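Quick mapping for you: the protein sequence lines, in order, are chains B and F.
Residues 687 to 1109 in this note's numbering are what the first sequence lists, from first letter to last.
Residues 687 to 1109 in this note's numbering are what the second sequence lists, from first letter to last.
Protein chains: 2
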Amino acid sequence: MTDAKQRIDAANREAVGRMIDSLPVWVDIKAAKDVVPGLKPNLILHSGPPISWDRMCLPQRNAVCGAAVYEGLAKTTAEADKMVAAGDIEIGPCHEHRTVGSMCGVTSYTMPVFVVRNKTFGNEGYCLIYENPGREKLSFGAYSDNVRRNLKWVEEVAAPVLLAGLKQMGGEMNLRAIIARALTMGDECHSRNYASTATFAMEIAPHLAASSCDRKEMAAVLQFIKQSDQFFLHLTMAAGKAIADAAAGIEYSSIVTAMARNGVEVGIRVSGLGDQWFTGPAGRIEGLMFSGFTAEDGQNDLGDSAITETNGLGAFAHAASPSLALVKSGHAADGLRFTEEMRAITTAENPNFGIPALDSRGTPTGIDIRKVIESGVLPVIDTGIADKQGRGQAGVGNARVPMEAFKKALRAFAERYSAGGSR
Amino acid sequence: MTDAKQRIDAANREAVGRMIDSLPVWVDIKAAKDVVPGLKPNLILHSGPPISWDRMCLPQRNAVCGAAVYEGLAKTTAEADKMVAAGDIEIGPCHEHRTVGSMCGVTSYTMPVFVVRNKTFGNEGYCLIYENPGREKLSFGAYSDNVRRNLKWVEEVAAPVLLAGLKQMGGEMNLRAIIARALTMGDECHSRNYASTATFAMEIAPHLAASSCDRKEMAAVLQFIKQSDQFFLHLTMAAGKAIADAAAGIEYSSIVTAMARNGVEVGIRVSGLGDQWFTGPAGRIEGLMFSGFTAEDGQNDLGDSAITETNGLGAFAHAASPSLALVKSGHAADGLRFTEEMRAITTAENPNFGIPALDSRGTPTGIDIRKVIESGVLPVIDTGIADKQGRGQAGVGNARVPMEAFKKALRAFAERYSAGGSR
Chain B
687 MTDAKQRIDA ANREAVGRMI DSLPVWVDIK AAKDVVPGLK PNLILHSGPP ISWDRMCLPQ
747 RNAVCGAAVY EGLAKTTAEA DKMVAAGDIE IGPCHEHRTV GSMCGVTSYT MPVFVVRNKT
807 FGNEGYCLIY ENPGREKLSF GAYSDNVRRN LKWVEEVAAP VLLAGLKQMG GEMNLRAIIA
867 RALTMGDECH SRNYASTATF AMEIAPHLAA SSCDRKEMAA VLQFIKQSDQ FFLHLTMAAG
927 KAIADAAAGI EYSSIVTAMA RNGVEVGIRV SGLGDQWFTG PAGRIEGLMF SGFTAEDGQN
987 DLGDSAITET NGLGAFAHAA SPSLALVKSG HAADGLRFTE EMRAITTAEN PNFGIPALDS
1047 RGTPTGIDIR KVIESGVLPV IDTGIADKQG RGQAGVGNAR VPMEAFKKAL RAFAERYSAG
1107 GSR
Chain F
687 MTDAKQRIDA ANREAVGRMI DSLPVWVDIK AAKDVVPGLK PNLILHSGPP ISWDRMCLPQ
747 RNAVCGAAVY EGLAKTTAEA DKMVAAGDIE IGPCHEHRTV GSMCGVTSYT MPVFVVRNKT
807 FGNEGYCLIY ENPGREKLSF GAYSDNVRRN LKWVEEVAAP VLLAGLKQMG GEMNLRAIIA
867 RALTMGDECH SRNYASTATF AMEIAPHLAA SSCDRKEMAA VLQFIKQSDQ FFLHLTMAAG
927 KAIADAAAGI EYSSIVTAMA RNGVEVGIRV SGLGDQWFTG PAGRIEGLMF SGFTAEDGQN
987 DLGDSAITET NGLGAFAHAA SPSLALVKSG HAADGLRFTE EMRAITTAEN PNFGIPALDS
1047 RGTPTGIDIR KVIESGVLPV IDTGIADKQG RGQAGVGNAR VPMEAFKKAL RAFAERYSAG
1107 GSR
């Protein structure tokens, strides 16, 4: 028993050490087809753990059908629906393709993705470019001419312009440095990304100007970033995937390497348990509904953006963002409370991500499934609320990862490692 | 007595109300000669209260002489020194010309200044454009070919490019909104200006791209902003002057409308006492010395940047910047402490400048000289430390405005208003 415990503790130190040592850098933008492993023309990726078509929530179904039309796989979303049901269009989780997707997370063949490399370990993570500052978005389950035009603009204008800026700055942007800086500027890096976005704009603007990109397009892209408070989240998410994947697959490690939600179920993955998902029901998100929406409009917990919490950001770093706590509950101290609470279920503090108000104490990092079970403290996810009908973001709040997922994971962990341990 | 007290309280409400109601907007960049009232070709402005040439501190003398050479008034700084002593070159405080200057504050005839208009009250405040991110600067008492080239670049490249961006955005930038935002992003807006600078960059970049300014120059200016963490301070200072001047000249008001330092003396002005200065010795600045400097290298308190504290920013808003407190003392809580302490000597909380960690409670605003005398609490100034030899910024720390200045002011206040009061 002690032997097994020591082995697990050592494996966990290795897993969390890899998270902390990770250095994610933005190195490219590519069409998903050219870089996302296993992607096929008729495969459409979505957020969260795997789910069957008939159980999928409405916004995510709408987004899958929209992407099918966008990719020319179907003429109408109604036709797309039938094709998915018939298996002619396939669906699968982003997370199983080194990719993460915001909210519905729908990512398809031709869409451009940020390529983020973990310089320390060599692996890559991917995430779509932020779609649009408006309310109507594919990522929130809408599809229309307007949505299609915006997606095309990102593909044909924003992507090449951003890439020109990146190349001009030497082909590499240090995302860890920007995230660390943003934590000193009121972002917790999941629901508040204003500081990282402003820092990104300031960093890339001189290089865009020095590049040979079209000047009108440069102006439009800089305006787009300025209007998109959440622009940088998609880089943080791709970075998060590259960090978490580096900590995955370590024998005996009970550290969580993915937490993802599809609006129906939340799934987690554990480093020592490979690619297996352990799921429980997606919870209701408690928080503030935006004007025009009521609590009943909120889709249950949705999106791969909890990759931030998986790596000690988001709700785990909430102490860095009193502003966001104020928006949600009116009490700045709630941010501090979440960060303190998460120390009970994590194994380290990330010295690269210090929180100024806590005298630069690091963000609680590396969720140990044993600690979740023992303490009964469930990971908090600090997240946007999607409207159930696909009308866009309906609010912002906090959700908890269900205990059921951790119980299933611990059972599988005990089964797998009891044979090899001295138990 | 009660009658006089009521009259004073009412006047103070009016003065502080004007500070709070002020809406500073950046509207132009002009050569100082075209906008600063009373400026003459042979008049060189400096920070702080008036001071005779023989008593002026070395960095400020050097800066005045440098400006004289820059303006072609003298061939060498040695010649300039003699000309000032002989009265052929005149000197005077920025503050007496609707202008404020950082550190030495030296401002002369041809130098471009930010023009900031107080939209609520119609008055204007001016401040030089941030000079250079390097260490060697006129504002810190250096003059060389390098300093001259940088000043020329600001005049010939940065100023017209920034102005092109401003015009493209409609000729007006709301500085109050950027300052308010920066307070939610870790700036206290005197010694830390990273968030306001990043926000400024993000705001102006799309307009620069859409303007017809030269593209290479645009790249250089955006790079300059990116490298200049304190860039926005000079806009905050011009805004501060426009705010404080709107609160000046109110009969019976005991509210401080200027606190300025020339390295030898600190001077304050009081709303009900017109343009008169009340001075005391400039204090030592306690804090962190940068690598290569010792405490002995630090010039005593210097610069007009305490216009920020005069309006409830800087040390008064220090609770907004745990990061800066960490740099200076290693304790984030020191930031909170300064803000709490300053409530004892101020008369209002500015609802436009909320501090997130304090549940958006407003910054303590409007220093009442009576409260300073009664409480014995001296205003804190959160400031850079200049090297005595003009080698640049030597550190960052906190200084106090001397009690002597307040005692003199209260004496003058009592003399002036005892006749009119029922005392």
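Ideal placement from N, C-alpha and C gives every residue a C-beta, glycine not left out.
Note that the structure is a prediction, hence the values are computed from the model and not measured.
So, is the C-beta of residue i closer than 7 Å to a C-beta in chain F?
i         : result
B:Met797  : no
B:Ser1015 : no
B:Gln692  : no
B:Thr922  : no
B:Asp1020 : no
B:Asp1045 : yes
B:Ala868  : no
B:Gly827  : no
B:Leu1012 : yes
B:Met859  : no
B:Ala895  : yes
B:Ala850  : no
Taking the alpha helix (DSSP H) that residue i belongs to, which residues open and close that run?
i         : result
F:Pro1008 : Pro1008 to Ser1015
I need the DSSP call for residue i, collapsed to helix, strand or coil.
i         : result
B:His781  : helix
B:Thr943  : strand
F:Phe1024 : helix
F:Pro798  : strand
B:Ala1072 : strand
B:Ser1108 : Summary for B:Ser1108: the model assigns pLDDT 41, below 50, so the residue's position carries little reliability; its value from the coordinates is reported in the next sentence. DSSP places B:Ser1108 in coil when its eight states are reduced to three.
B:Leu1118 : Since the first residue shown for chain B is 687 and the last is 1109, residue 1118 of chain B is missing from the structure and cannot be characterised.
F:Glu757  : coil
F:Arg1077 : coil
B:Ile1031 : helix
B:His876  : coil
B:Pro735  : coil
F:Arg803  : strand
B:Asp900  : coil
F:Thr1051 : strand
B:Arg1102 : helix
F:Met859  : strand
B:Cys751  : helix
B:Thr996  : helix
Output needed for residue i: all residues of its chain with C-beta closer than 7 Å, excluding positions within five of it in sequence on either side, in chain order.
i         : result
B:Ala981  : Met975
B:Pro1042 : Thr870
F:Ala753  : Ile730, Val792, Ser794 and Leu824
B:Asn997  : Met705, Gly926, Ile929, Ala930 and Thr1051
B:Arg699  : none
F:Ser1007 : Gly872, Asp873, Glu874, Arg878 and Gly1021
F:Leu1044 : Ala1005
B:Arg784  : Val722, Pro723, Glu810, Gly811, Tyr812, Lys927 and Asp931
Can you name, in chain order, every residue of its own chain whose Cβ lies under 6 Å from the Cβ of residue i, other than the five neighbours on each side?
i         : result
B:Ala828  : Glu822 and Gly1076
B:Asp990  : Ser733, Cys780, Val786, Gly787, Gly791 and Ala946
B:Asn1029 : At residue 1029 of chain B the sequence reads Arg, which differs from the Asn that was named. Taken in chain order, the residues that qualify are Pro1050.
B:Glu1090 : Gly966
B:Val907  : Ala844 and Val847
F:Gly1107 : Confidence at F:Gly1107 is low in this model, with a pLDDT of 45, below 50, so its placement is unreliable and the value that follows should be read with caution. Here the set comprises Ala690.
B:Thr943  : Ala930, Ala933, Ala934, Arg955 and Ser957
F:Arg693  : Tyr938
Can you name the start and end residues of the beta strand (DSSP E) that residue i belongs to?
i         : result
F:Gln916  : Careful: F:Gln916 lies outside any beta strand (DSSP E) and carries neither H nor E.
F:Val713  : Pro710 to Ala717
B:Pro1088 : Neither: B:Pro1088 is in no beta strand (DSSP E) and is coded neither H nor E.
Flag residue i as yes when its Cβ comes closer than 6 Å to any non-hydrogen atom of the ligand PLP, and as no otherwise.
i         : result
B:Ser1007 : Within the structure as shown, the ligand PLP is missing, as the structure has no ligands at all.
Would you say residue i lies against chain B (beta-carbon separation less than 7 Å)?
i         : result
F:Ser708  : no
F:Ser1009 : yes
F:Gly872  : yes
F:Leu908  : yes
F:Ala1006 : no
F:Lys853  : no
F:Pro892  : yes
F:Lys912  : yes
Ordered along the chain, which non-local residues of its own chain (more than five positions away) have a Cβ less than 8 Å from that of residue i?
i        : result
B:Gln854 : His893, Leu894, Ala896 and Ser897
F:Lys726 : Glu776 and Tyr795
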